[in-house]
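Line by line, the protein sequences are chains F and Z.
If you count the first sequence from 1, you need to add 37 to reach our numbering.
If you count the second sequence from 1, you need to add 37 to reach our numbering.
Notes to accompany the following structure.
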Amino acid sequence: MSNTTSVKKPLLEVVDLKQHFPIESGFILKRQVGAVRAVDGISFTVNEGETLGIVGESGCGKSTTVRSISQLYKPTSGSVIFDGIDLVNAPREQMLDARKNIQMIFQDPYASLDPRMTVRTIIAEPLEIYKKRGMLDASYTKQAIETRVEDLMERVGLNKAFKNRYPHEFSGGQRQRIGIARALALNPKIILADEPVSALDVSIQSQILNLLHDLQKEFGLTYVFIAHDLAVIEYISTRVAVMYLGKIMEISRSSDLYKNPLHPYTKALLSAAPIPDPEIERKRQRIILTGDVPSPNKERFGCYFYDRCPNRMEKCKTNIPPMKRMDEHHEVACWLYE
Amino acid sequence: MTKQPSQTSYDTLLEVKDLKTYFKTDAGIVKAVDGISFTLGKGETLGIVGESGSGKSVTNLSIMRLIPSPPGRIVGGEVVFEGSDILKLPESTLRHIRGNEISMIFQDPMTSLNPFLKISTQMIETIRLHQDISRKDALKKSIDMLKLVGIPAAEERVHNYPHQFSGGMRQRVMIAMALSCEAKILIADEPTTALDVTIQAQILELIKELADKLNTAVILITHDLGVVAGMCDTVCVMYAGKIVEKAKTEELYSNPSHPYTFGLIQSVPRLDKAHDGKLFSIEGQPPNVIDLPPCCPFHPRCHKVMNICRTQYPPTTDLGNGHEVSCWLFSNHKERSHE
């Protein structure tokens, strides 16, 4: 698949990324009987300073995608090119050095912080690790790390007097702030945020979204932002990728996506998302999809959305639609637009 | 409450008066629900919105008297259902009401079904517990209910185990069980929170359709303001164990009066509106409900806080047309206008 010829230089380029997890059977003599095709050949680019939103239902491969990008999983095939380096095939040293610029924020602020570590240790850990590896630019002294931790805590809105406390002493929103401070510690270029606000209450959610927004402006960060809430995605993203069953169905500017969704799945998703306004909500025509998301275990030879698509055609059953460029920023994988 | 003749009025089916449920913990008394009142009419859909810890679920467990005791205790108030106070009924009468008259759907469809028993066993058990019919008839009824909630091949699926169903399907099974005894009130505690948006749309559509068909009154507990907007006739907004605002849905969204309701509605990003810059946000954290002082619990986060808010809990003011709010902003105004 060809990539954008846009003016901006892409910071991250994902080319035909596949992440399959083997299903094994047998106890001693294990053999592979199949694979969960969590991510099944996706390509996209992320430009410097923008936010790419990835949206989709549970099990569509959103989280796996970002974990494969940050090399937490070894991708089955494809490449992840960050700043000119292919992370999948680069030697380990080079990969680690490049990965310093890729940090993650996780969904569950309760599970993603070690309960036995103090806030100070948690935020300083990335610095300590990279110091040990000898990959830190400046020679960080103990004192410098201490100051850095305090600065970071203040920046994300935590009282630095709390640095010797443990995660259980904080609320969900505050824990997410700790997670954000940890992600910022190494001055990354790109932050992969895996559903950072899904577990939070509405009033806390807007605080964290505003914080992420401010940090992006201040440090010129690039985000890959995952959420299943379309309104959140639309609010925070420059461009949005809609995923289904390990494939990207549509990528477009976030403002265009709501105004002009092309893929039947995007249309259904948008119409299913509730809008907090009774007058609009009661007049809306919903596209109710039938059935559930099918199992990602089997290999597919037709459109991945075929089973649930309200507009399916004979052709869709046996041919996988390629990504088709509709205009400069809008791509869709659907035979309706051929 | 004043009702305009043009608006649909409902016969009162359930009335909750000054309900208080407290939990005793080592750290002190948690006033999970602290003096709330509302009414539910026949065929009405009432929404209860609030953040985690605001007491929405405890309210509904209290209505069914399902509060684990100890540590919890319903310390005051009445729940009047068809003329009798549920809180004073003997256990045997209560068992008849649970399931038969009022039934519940819980949030997590994965844990509300017994994984060791077939769906048929669980449904037959439920039906036979409440109705005097044979196993064969109960099975037939189960199949009919599963068909009603849209489970394909219900005759075969009824003999499956819960793990053979997906999340959305399990929630459908739960709804089928909850409705199998033709309950008059259905309490749905975050029925779609664990589900994806497309499945959520299916389930909400189903609840709406069935409630219309069977004329069931629904209490819908949720934190999602979008869900409330589409489903409910009346909405109660809860904060720290109290109802801070209650109004007809249209009225609440067009004219949110309590600063908390206003903030809640404003802080949700909206798909249909262009966004520029920052979201409105309510600063701070929800309060700890242990040993709350007798002030307005929202005052540390309120953008319109006054001196009186720090010392006294505001009385409930009726703004007309069933719109009630507990906030000093309106109370003062009213007192002055009366003088």
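Here a beta-carbon is modelled for each residue, glycine too, at the ideal position from N, C-alpha and C.
Sequence-distant residues of the same chain with beta carbon closer than 7 Å to residue i, five excluded per side
| i | result |
| --- | --- |
| Q303 of chain Z | F317 |
| I245 of chain F | G210, Q213, P233, V234, L237 |
| T355 of chain F | F338, G339 |
| S378 of chain Z | The structure shown does not extend to residue 378 of chain Z, since chain Z spans only 38 to 376, so no value can be given for it. |
| G65 of chain Z | I327, D328 |
| L356 of chain Z | S294, V362, F367 |
| I180 of chain Z | A191, E192, V195 |
Under 8 Å from the C-beta of residue i: neighbouring residues of chain F
| i | result |
| --- | --- |
| D233 of chain Z | E94, S95, H265, V330 |
| E282 of chain Z | Ordered by position in chain F, no residue passes the 8 Å Cβ test against E282 of chain Z, which lies about 15 Å from the chain. |
| H260 of chain Z | D238, V239 |
| S304 of chain Z | V239, S240, Q242, S243 |
| T286 of chain Z | P315 |
| L301 of chain Z | V239, S240 |
Beta-carbon proximity check, residue i vs residue j, cutoff 9 Å
| i | j | result |
| --- | --- | --- |
| I212 of chain Z | I142 of chain Z | yes |
| V186 of chain F | A135 of chain F | no |
| T158 of chain F | Q239 of chain Z | no |
| L111 of chain Z | S94 of chain Z | In the sequence on display, residue 111 of chain Z carries Ile and not Leu. Not a contact, by the Cβ cut-off of 9 Å. |
| V70 of chain F | Q56 of chain F | no |
| E333 of chain F | R74 of chain F | Residue identity check: residue 333 of chain F is Pro in the sequence provided, not Glu. In this structure, R74 of chain F lies closer than 9 Å to P333 of chain F by Cβ. |
| V261 of chain F | I227 of chain F | yes |
| R338 of chain Z | Y290 of chain Z | no |
| I139 of chain Z | I222 of chain Z | yes |
| V234 of chain Z | H265 of chain F | yes |
| A266 of chain Z | D293 of chain F | no |
| M190 of chain F | A230 of chain F | no |
| N197 of chain Z | I156 of chain Z | yes |
| A254 of chain Z | L103 of chain Z | no |
| L241 of chain Z | V264 of chain Z | yes |
| A175 of chain Z | G204 of chain Z | no |
| M360 of chain F | I270 of chain F | no |
Amino acids of chain Z, ordered along the chain, whose beta-carbon sits closer than 9 Å to that of residue i
| i | result |
| --- | --- |
| D293 of chain F | Under the 9 Å cutoff, chain Z gives no residues; its nearest Cβ is about 12 Å from D293 of chain F. |
| E381 of chain F | Because chain F here runs from 38 to 375, residue 381 of chain F falls outside it and cannot be looked at. |
| L326 of chain F | T235, I236, A238, Q239 |
Partners in chain Z for residue i, counting only beta-carbon separations shorter than 8 Å
| i | result |
| --- | --- |
| G210 of chain F | Q322 |
| A305 of chain F | T235 |
| R323 of chain F | A238, E242 |
| A135 of chain F | Chain Z residues near A135 of chain F: none, gap ~33 Å exceeds 8 Å. |
Beta-carbon proximity list for residue i, same chain, < 6 Å, skipping 5 on both sides
| i | result |
| --- | --- |
| C273 of chain Z | F75, I85, I280, K283 |
| T102 of chain F | V76 |
| P293 of chain Z | F299, I302 |
| M286 of chain F | V279, H300, Y302, A370 |
| G136 of chain Z | H167, C218 |
7 Å Cβ cut-off: residues of chain F touching residue i
| i | result |
| --- | --- |
| G205 of chain Z | D329 |
| D309 of chain Z | I312, I317 |
| E88 of chain Z | D238, V239, S240 |
CB contact check: residue i to chain A, cutoff 9 Å
| i | result |
| --- | --- |
| P347 of chain F | Considering every chain present, this structure includes no chain A. Its protein chains are F and Z. |
Contacts that residue i makes with chain Z (C-beta to C-beta distance below 7 Å)
| i | result |
| --- | --- |
| N247 of chain F | K315, L316, S318 |
| V269 of chain F | P306 |
| H250 of chain F | K315 |
Residues near residue i in its chain [Cβ-Cβ closer than 8 Å; skip 5 each side]
| i | result |
| --- | --- |
| I317 of chain F | none |
| T42 of chain F | Bear in mind that the predicted position of T42 of chain F carries a pLDDT of just 43, short of 50, making it too unreliable to give a figure here. |
| A190 of chain Z | none |
| D145 of chain F | A236 |
| M172 of chain F | L133, D134, K137 |
| L251 of chain Z | L216, E219 |
| D379 of chain F | Within the shown structure, residues of chain F are numbered from 38 to 375, placing residue 379 of chain F beyond reach of any answer. |
Neighbouring residues, chain F, relative to residue i (Cβ below 9 Å)
| i | result |
| --- | --- |
| A266 of chain Z | P311, I312, P313, D314, P315, E316, I317, E318, R319 |
| Y198 of chain Z | Near Y198 of chain Z there are no residues of chain F at all, since even the closest Cβ is about 17 Å away, more than 9 Å. |
| G120 of chain Z | Going along chain F, no residue has its Cβ under 9 Å from G120 of chain Z, so there is no contact; the nearest lies around 33 Å. |
| G263 of chain Z | A268, A310, P311, I312, P313, D314, E318 |
Exercise. Three or more beta-carbon pairs under 8 Å between the stretch 85 to 92 of chain F and the stretch 344 to 359 of chain F, yes or no?
Worked result: no
Exercise. Should the stretch 258 to 268 of chain Z be regarded as contacting the stretch 85 to 95 of chain Z, the criterion being three or more beta carbon pairs within less than 8 Å?
Worked result: yes
For this session: Specify whether the stretch 44 to 64 of chain Z and the stretch 353 to 371 of chain F touch according to this definition: at least 3 beta carbon pairs, one from each stretch, less than 8 Å apart.
Result: no
Exercise. With contact counted as at least three CB pairs below 8 Å, one residue from each stretch, are the stretch 66 to 83 of chain F and the stretch 48 to 56 of chain F in contact?
Worked result: yes
Problem set entry | Start-end ranges of the beta strand (DSSP E) lying completely within the stretch 155 to 239 of chain Z, minimum 3 residues | 222 to 226
Exercise. Curious, which full-length beta strand (DSSP E) runs of at least 3 residues does the stretch 307 to 356 of chain Z contain?
Worked result: 353 to 355
Problem set entry | Sequence ranges, alpha helix (DSSP H) only - wholly within the stretch 121 to 164 of chain F, length at least 4 | 129 to 136
For this session: Go through the stretch 68 to 155 of chain Z residue by residue and report every complete run of the beta strand (DSSP E) that reaches 3 residues or more, in order.
Result: 82 to 86, 109 to 118, 139 to 142
For this session: Could you name each continuous beta strand (DSSP E) segment of 3 residues or more that falls completely within the stretch 333 to 366 of chain F, going from the start of the chain to the end?
Result: 361 to 364
Problem set entry | Inter-stretch contact (C-beta, 8 Å, three-pair minimum) for the stretch 89 to 109 of chain F and the stretch 280 to 287 of chain F | yes
For this session: May I ask you to verify whether the stretch 333 to 352 of chain Z touches the stretch 360 to 368 of chain Z, counting CB pairs closer than 8 Å and requiring at least 3?
Result: yes
For this session: Ignoring anything shorter than 4 residues or poking outside the stretch 231 to 282 of chain Z, list the alpha helix (DSSP H) runs there in chain order.
Result: 234 to 251, 262 to 268
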